[in-house]
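Number of protein chains: 4
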Amino acid sequence: MIKVGIYGASGYTGQELLRLLIRHPQVEIAAITSRQNKGLPLTRVFPGFQGLTDLTFADYEPGQMAGLCDIVFLALPHSVSMQAAPLFLGAGKKIIDLSADFRLRDIKTYEKWYGKHSAPEILKEAVYGIPELYRGAIATSNFVANPGCYPTSAILGLAPLLKNRLIDHRSIIIDSKSGVSGAGREPQTGTLFCEVMEGFKAYNVGRHRHTPEMEQELSLLAGEEVTISFTPHLLPVSRGILSTIYAGLTKDTSTVELLRIYSDFYDREIFITIYEEGVLPNISAVRGTNSCHLGLVVDDRTKRIVIVSAIDNLVKGAAGQAIQNMNLLCGFAEETGLNMMPLFP
Amino acid sequence: MIKVGIYGASGYTGQELLRLLIRHPQVEIAAITSRQNKGLPLTRVFPGFQGLTDLTFADYEPGQMAGLCDIVFLALPHSVSMQAAPLFLGAGKKIIDLSADFRLRDIKTYEKWYGKHSAPEILKEAVYGIPELYRGAIATSNFVANPGCYPTSAILGLAPLLKNRLIDHRSIIIDSKSGVSGAGREPQTGTLFCEVMEGFKAYNVGRHRHTPEMEQELSLLAGEEVTISFTPHLLPVSRGILSTIYAGLTKDTSTVELLRIYSDFYDREIFITIYEEGVLPNISAVRGTNSCHLGLVVDDRTKRIVIVSAIDNLVKGAAGQAIQNMNLLCGFAEETGLNMMPLFP
Amino acid sequence: MIKVGIYGASGYTGQELLRLLIRHPQVEIAAITSRQNKGLPLTRVFPGFQGLTDLTFADYEPGQMAGLCDIVFLALPHSVSMQAAPLFLGAGKKIIDLSADFRLRDIKTYEKWYGKHSAPEILKEAVYGIPELYRGAIATSNFVANPGCYPTSAILGLAPLLKNRLIDHRSIIIDSKSGVSGAGREPQTGTLFCEVMEGFKAYNVGRHRHTPEMEQELSLLAGEEVTISFTPHLLPVSRGILSTIYAGLTKDTSTVELLRIYSDFYDREIFITIYEEGVLPNISAVRGTNSCHLGLVVDDRTKRIVIVSAIDNLVKGAAGQAIQNMNLLCGFAEETGLNMMPLFP
Amino acid sequence: MIKVGIYGASGYTGQELLRLLIRHPQVEIAAITSRQNKGLPLTRVFPGFQGLTDLTFADYEPGQMAGLCDIVFLALPHSVSMQAAPLFLGAGKKIIDLSADFRLRDIKTYEKWYGKHSAPEILKEAVYGIPELYRGAIATSNFVANPGCYPTSAILGLAPLLKNRLIDHRSIIIDSKSGVSGAGREPQTGTLFCEVMEGFKAYNVGRHRHTPEMEQELSLLAGEEVTISFTPHLLPVSRGILSTIYAGLTKDTSTVELLRIYSDFYDREIFITIYEEGVLPNISAVRGTNSCHLGLVVDDRTKRIVIVSAIDNLVKGAAGQAIQNMNLLCGFAEETGLNMMPLFP
C-alpha cells in the first residue's frame, strides 16, 4: 500500500481521482486538499461519496503534504502546480502533475502560450505521460506531466500514421468536441446548464493552448516539425471527447490496411480499442473508462483519411491516465484499479 | 464459479446485467439470448463492450439454456417470463425473474392489472426480492421475483415508517420521477430523443401497474391494507428514479428523530444510505450504483413527512438488485460484484 | 407606442422580456439597465439578438430611467426592487415588479420569509398579477406584483376547485418540478451544466419562499386559511414548470365532470388550455409560450384528484405574464405580442 | 390568402411547417396529410398545438389534394416525393419539395447516391431553393427543390470565398454536427433518448448523401468541379446544425478583411448574420429562427480559414427556408411569417 495525496481535490478531476483511487487495491488515500473546502467532509462537496469514505478536506502546505504521502497528484490550475512541484520533488516524493506546467519541453513555447514559468529547472525531469508511447521512461521516473485531454485523443489517433509516414504532416486538421467537465467546476456563466444545454459552439479557434502540446508530440512522432489546425468545440454532455482528424494520405491504401497498421501499433495495449471497418466510436462507449476507441475511414474520393478518436476526458484524458502513470511509477500492473466498465446508457 | 445465463439480453436491463456480471468474480456468463440479434456479437449491439468480451447472442430454447446454466436471469417482458420460468424451475435451475410475472402474490390482482397468468401454480414458490426485507427467504429459495423499479424506491423509503406505525397509511402519496431507460430499448415515438429532451410529463396517473405491487408490500409492512396514490413521471435523464413520498404523521416527532429510526432500521445495510438533516438525495449520487439514498423532512406546519428516495432504476431498480439476489441464492457475499462507485458528473 | 424600460435586463427574465417586447407592436424599448454590463451592446451578452436590435445596456439611476419610460419592468432580486419601486411610482410611472417584494399582502409574512421590508407603505397599492383572477383590478392599477413561477402554476391549477369548494383544503400537496432557468443567470456551482445534467433532486422542502405566496392566494380563493405542502424539484431542462397537485375530494365526482368545471371556470381565457380526459400536459407543449396547460385525473380508489399544470417558467411564470399585465395596464388587447407558438422539438 | 397543403405533415419537418404557417398572415392551411394518422386531430399527434388549431390529418390522394390547394409542400421521404410531384405540377400547382428528389441536376448522380429516379423529365423544372443565391429563378418558378440541411449550412458558409476565388477548392473539409430532429420522427433505436443522450459520434463518413448536393452547388459557385470531405456527426440536441469548415487560402488575408467580404456578399440579406472578429456562432442563437449565423477565423500559422456556420436544421435547414421560397413563389415579402425570435435558453 502506498500513501497518496491529492492536491486540489475539489474539482472534477480531483473527484475523478478519488472515484478511482478509493477502489484501487494498492493505495491508501492519505490526504486531500482544498483551500475553499478546508475542514469539510468530502461527502458534503460530492454527495455521491456518501457511505463510501469519510475523507475530509485539509489545507496542507506542501511540506505537511510531503510528510503524509509517497506520491502526490497535483490537480491544480497551471501556474499553481509549478510552485508546488519543486517542493515535493525536493522532498523525494513522486509527482503526477495534471496541469499544463510541465508538458512543454521548450520553455519558450510554454511562456508564449501560458506566461512566465517559475520552475524551469525541473522541466527536463518531467516525462510526458502517455504510457502507450513513453512507458519505459515513465516507469523509471519520479515526475510525470500528465497530458491534456485534447492532446491525448489526438496523439493516440495520429501516432500510427506519423510513425509510419503515411500522411502529409502539413495537412493535419483536428476537429475536437469536448464535454463540459473539461471546463472545470469553478462557477462561470459559460458553463451554466442553461447556456450549454441545446447549444453547441467552437471556441478558441486557432489559439487553444493545447495546440503546442499536440504539435510537440506529433513532431516527435513524425521526426519533423508538424503544424496543425486545431478547433475545439463545447458539447452539451458532461464527459467525453471525440476528435475527428483529417489528413492527406501520401500513398494509396485502404481502410482495412490502415486498421491493420493501427492494430499492430497498439498490439497488447489494454486501453486502446481499434474498431473494425464500418464502425466508428461514440463517446458513450468509453464513458467512465480509461479506454481510447479509434476508428477510421479512407476516403478514396479525396485521398484523405478521417480518424475518429473517443475518450472520456476525465479518465483517459485526466485522472485515469494519471493513475495509469502512477501504476507505472510504483511498479504496479498498469491496469490496476482501472478495469471500469463503461456506463451506458 | 457458477454458470449464468441471461434470457433477453439485448435490452437495457440485459446490458446492465452484463456490465455487472462480466466483472463478477464468481460468475461465468454461459449464454445470452436475443431473438432479434441471434448470431451477432454483443459488441455489435452494445459497442461499449468492445475489448471487454466476445459474447455472442444465441436464440436458445429454454431446454438448451437450462443445459448450459446454473442460474438464469429472465430479462423478458411480462407474460413472456411466465412461459419460460416453469421450464427452468422444472430443470432444477435457479431463476431470477426481472419481469412482473411473479411479484404479485394474489393471482386475481395480477390478472386484473396485467391479464391472464399461465403459471399460477408456481407463484407461491417465488420470493419477492428486496433483500433488505426478505433476506432470509431469498437465501433459501430457488426463485426470486425481482421487484419493479418504482416499488423498490417507494418500499425502501416507507418501510421504517410503516413498521413503526408512524404514519397514517391512508395518507400515502408517492410522486415518482423516472429516467427514460425504464421504458426499454424497443423503438417507440414516446422515447425518442426529441420527444423527451427538454420535456417532462406525468403518465398513467392513478393506474400504473406498479401500484398493486407497492400496495402489496406496504400492506405487509403495515399489517393492514394500504391504498396509495402513485404518480409516475418521465424525466429527461437516462437513469435514475427519485420518489418524493408524502404521508401524515400519527404523532409529534422531528426530522432528527425519524432519521435515527431510519438509521436503526437499515443498520448495517450496505446499499442503503441515510442522509443527515438538511441534505436530500439527488439521482446523480447513485448513478451506476446499487445504492438507495434516503433523506427526509418533517414539516411541522402540515404534520406531514416528506421522504426522498433515490435509486438507479437499472441497478438497485433492476439488474443490481437481481445480482444482489443471485449472491444470496448462491451463498456469495451479498455485495460481491456490486461495489461500483457512482459516475459523476 | 409606449416607452418601456427594463431594470435589470441581463438575467434570463430580462432577456425573455426583451425577446417578447422587441416584437410587441405597441411598445418601444427605451432603456435597459445592467450594472455589470453597462455600455455593452445587448448582443454581446445575448448573441441570439444579433441582427435583431442594437440596444445597449445602461446603468441609469431610477430618476433617469423614469424620465425615459412610461412603464418600467423591475427584473431585480427581491429586496432590491423595493428600493426602486417607490421612486418610479412617485414619478407617476407604471410598474411591473417581477420580484417577490410586493406579492405578499401581509408585511409580517413577508418579513418572516424574506427579511426586512423597506417600502411597506406602498404594499397595498400593488395588485397581484394573475390576470385570469384579477383582471379588473390590474386594468385600473399602476403597480403590479408579478407572481412567482411556482405560484402561477399552482394557483391556476387549483382555483376552480377551491372556488367551487370541491376539495378538502387541508389535504393540498403541490409537488413541483422546475427547469434551471428559474435559478437565474448568476454563476453558481449548483446550476453548472455538469451538476444538473442527468440529475434530479428536491430542494428547500417545506420551506421554499413561494409557499406563503401560494397560501395567500389559495386562501383567498377558498375563503378560509389554507396551509399546503409544497416541494420544489430541479429538472434538467432549461425551461418549464410542471406541478403535480394532490387533494382529497369532498364529494363524489368524475374526471369528466371536473374537466367541465375547469372549462367553465376558464371559459374564454386565451392562455389557459384544459386537456380532455386521458391526456395530460408536458412542459414541452408550452415551451416559449404564455400558456398554462391543465389536465386532471380523479382517482376513485383514493378519492383524490391529481391535477397536472404546465407552464413555461420564463413566460407565463415571469416575462409573458408581466407583458400580459402590461397590456392590461396600458389598455392594449391582452394577448398583444403574446401569440407565440410552442417550440417543439 | 393562398391555400396551402402539406403532404406528409406528421414528421418534425411537417410540424415545423405548421408551426410557422399557422401564424403566416397570407396563408390558409387547406389540408394536411398523414397516412398513419388519418382522421386524427393534429393536437393528438403534436399536443403543443392545443388551443391553436383544429386541423385534422387526412389521407388525400394527390388529385384530391391538388383540388384543395394552390401550393403544396412535400414533406415526404426521397423516392416518394418523385411520385407525387408530377401530379401536382400537372395540375398547375406550385410545389416546394423538401425531399432530395429534385435537388441534383444530374440524373446519374442522383441514381448513384439514391437509386432509381421515376420522374427525370421534370428534374430541369426544379429550382434549387437557396434564396440568397437563386432568388430570381425561384421567384419565376413553380417548383422548388428545397435544399438539405447540411448543404444549406455549408453552401452559405462557403459561397463568398468560392465566388471570390479565395480558397483552394481541393482543400475543403466540412465537419458538421447536427441535432437529432434531422433524423426524423420514425421510431428507431439509434435516435432513442438513451442512445443519444451524453453521446456523440460521426456517421456515414465520406459517404453521406448530402455530399453530391454540396459538391454540385459549390462547383457552380467556384466555376470548376469541387470535391469535398464531409463528415456529419450526431449532436445530443434536438435542433441545430453547426458546420466547421476548413479551407486553404490562396492569398494572404486577414479575418477582418474576409469578414468584410462576407458582409458585402450578404449585404441586405435579412436571414444572414455575419459575426464580428473574435465572436463565433452557437446553435443556441438561431434556435427556432430562419437565420444563418456566420463567423470565421484566419489562422496565420496554417494559412487556412476556419468558417463556422450555424442554422436551425428544421427552419433555415428545412421548413423556414421552404416558406421563404413560398414567399418568393407567391410574390409575398420574403420575410413574411419568418420573423421569429430565437428561443434562449
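These protein sequences, in sequence, are chains W, L, E and Z. Per numbering that gives the first Met the number 0, the very first residue in the first sequence carries number 0; after that it's consecutive. Per numbering that gives the first Met the number 0, the very first residue in the second sequence carries number 0; after that it's consecutive. Per numbering that gives the first Met the number 0, the very first residue in the third sequence carries number 0; after that it's consecutive. Per numbering that gives the first Met the number 0, the very first residue in the fourth sequence carries number 0; after that it's consecutive. Ideal Cβ positions, reconstructed from N, Cα and C, are used throughout, including at glycine.
Contacts that residue i makes with chain W (C-beta to C-beta distance below 7 Å)
i: D347(Z); result: As displayed, chain Z neither begins before 0 nor continues past 344, which places residue 347(Z) out of reach and without an answer.
i: H292(L); result: Q49
i: I282(Z); result: G198 and F199
Per-residue contacts from residue i into chain E (C-beta, under 8 Å)
i: Y11(Z); result: P344
9 Å Cβ cutoff met for residue i and residue j
i: A317(L); j: N145(L); result: yes
i: A284(Z); j: Q49(E); result: yes
i: N324(Z); j: S180(Z); result: no
i: G247(L); j: F229(L); result: no
i: Y231(W); j: A201(W); result: For clarity, residue 231(W) is Pro in the given sequence; the question names Tyr instead. In this structure, A201(W) lies closer than 9 Å to P231(W) by Cβ.
i: M339(L); j: N289(L); result: yes
i: V44(Z); j: G156(Z); result: no
i: A221(E); j: L161(E); result: yes
i: P46(Z); j: V278(E); result: yes
i: L191(E); j: L191(W); result: yes
Per-residue contacts from residue i into chain E (C-beta, under 7 Å)
i: T272(Z); result: Q49 and G50
Spatial neighbours of residue i in its chain, beta-carbon cut-off 7 Å, leaving aside the 5 residues before and after
i: P159(E); result: I260, Y261 and F264
i: Y109(W); result: L103 and H116
Proximal residues of chain L, C-beta to C-beta of residue i below 7 Å
i: S218(E); result: Per Cβ cutoff of 7 Å: no residues; S218(E) is ~14 Å from chain L at best.
Segment limits, alpha helix (DSSP H) that includes residue i
i: K111(Z); result: I106 to W112
i: A221(E); result: H209 to A221
i: A284(W); result: Where A284(W) is concerned, there is no enclosing alpha helix (DSSP H), given that its DSSP letter is neither H nor E.
i: Q62(E); result: The displayed chain sequence assigns Gly, not Gln, to residue 62(E). Residues P61 to L67.
i: A83(W); result: S80 to G89
i: L327(W); result: G319 to C329
i: F229(W); result: Premise fails: F229(W) lies in the beta strand (DSSP E), S228 to L233, not in any alpha helix (DSSP H).
Interface residues of chain Z facing residue i [CB-CB closer than 7 Å]
i: A201(W); result: T243, L279 and V307
Chain-order list of residues whose beta-carbon lies under 8 Å from that of residue i (same chain, five-residue window excluded)
i: E194(E); result: T188
i: S175(L); result: Y149, S152, A153, F229, T230, P231, H232, I240, L241, S242 and T243
i: G89(W); result: none
Check: residue i C-beta below 8 Å from any heavy atom of the ligand HEM
i: S253(L); result: Only the bare structure without any ligand can be found here, which leaves the ligand HEM out of the picture.
Per-residue contacts from residue i into chain Z (C-beta, under 8 Å)
i: R22(E); result: N338 and M340
i: V195(L); result: F192
Continuous beta strand (DSSP E) stretch holding residue i: start and end
i: F72(E); result: I70 to L73
i: F142(Z); result: F142 to A144
i: R303(Z); result: R303 to I310
i: F199(Z); result: From DSSP, F199(Z) is part of no beta strand (DSSP E); its letter is neither H nor E.
i: D96(E); result: K93 to D96
i: I166(E); result: Per DSSP, I166(E) belongs to no beta strand (DSSP E) and is neither H nor E.
Residue i: contacting residues in chain E (beta-carbon distance under 9 Å)
i: D263(L); result: Ordered by position in chain E, no residue passes the 9 Å Cβ test against D263(L), which lies about 23 Å from the chain.
i: S180(Z); result: P344
Contact set between residue i and chain W, taken where Cβ atoms lie within less than 8 Å
i: S237(E); result: F192, C193, M196 and E197
Listed by chain order, chain L residues near residue i by CB distance under 9 Å
i: G205(E); result: V296, V297, D298, D299, R300, T301, R303 and V305
i: R184(Z); result: T188, L191, C193 and E194
Inter-stretch contact at 8 Å, needing at least 3 Cβ pairs: the region 146-154 of chain Z / the region 238-258 of chain Z: yes
Check whether the region 2-17 of chain E and the region 65-72 of chain E touch, using three or more Cβ-Cβ pairs below 8 Å as the test. yes
Would the region 42-57 of chain L count as touching the region 25-43 of chain E if we require 3 or more Cβ pairs under 8 Å? no
Mind the definition here: the region 208-225 of chain W touches the region 99-109 of chain W only if three or more C-beta pairs lie below 8 Å; say whether that holds. yes
Specify whether the region 117-137 of chain E and the region 295-302 of chain E touch according to this definition: at least 3 beta carbon pairs, one from each stretch, less than 8 Å apart. no
With three or more C-beta pairs closer than 8 Å as the rule, is the region 109-118 of chain L touching the region 73-92 of chain L? yes
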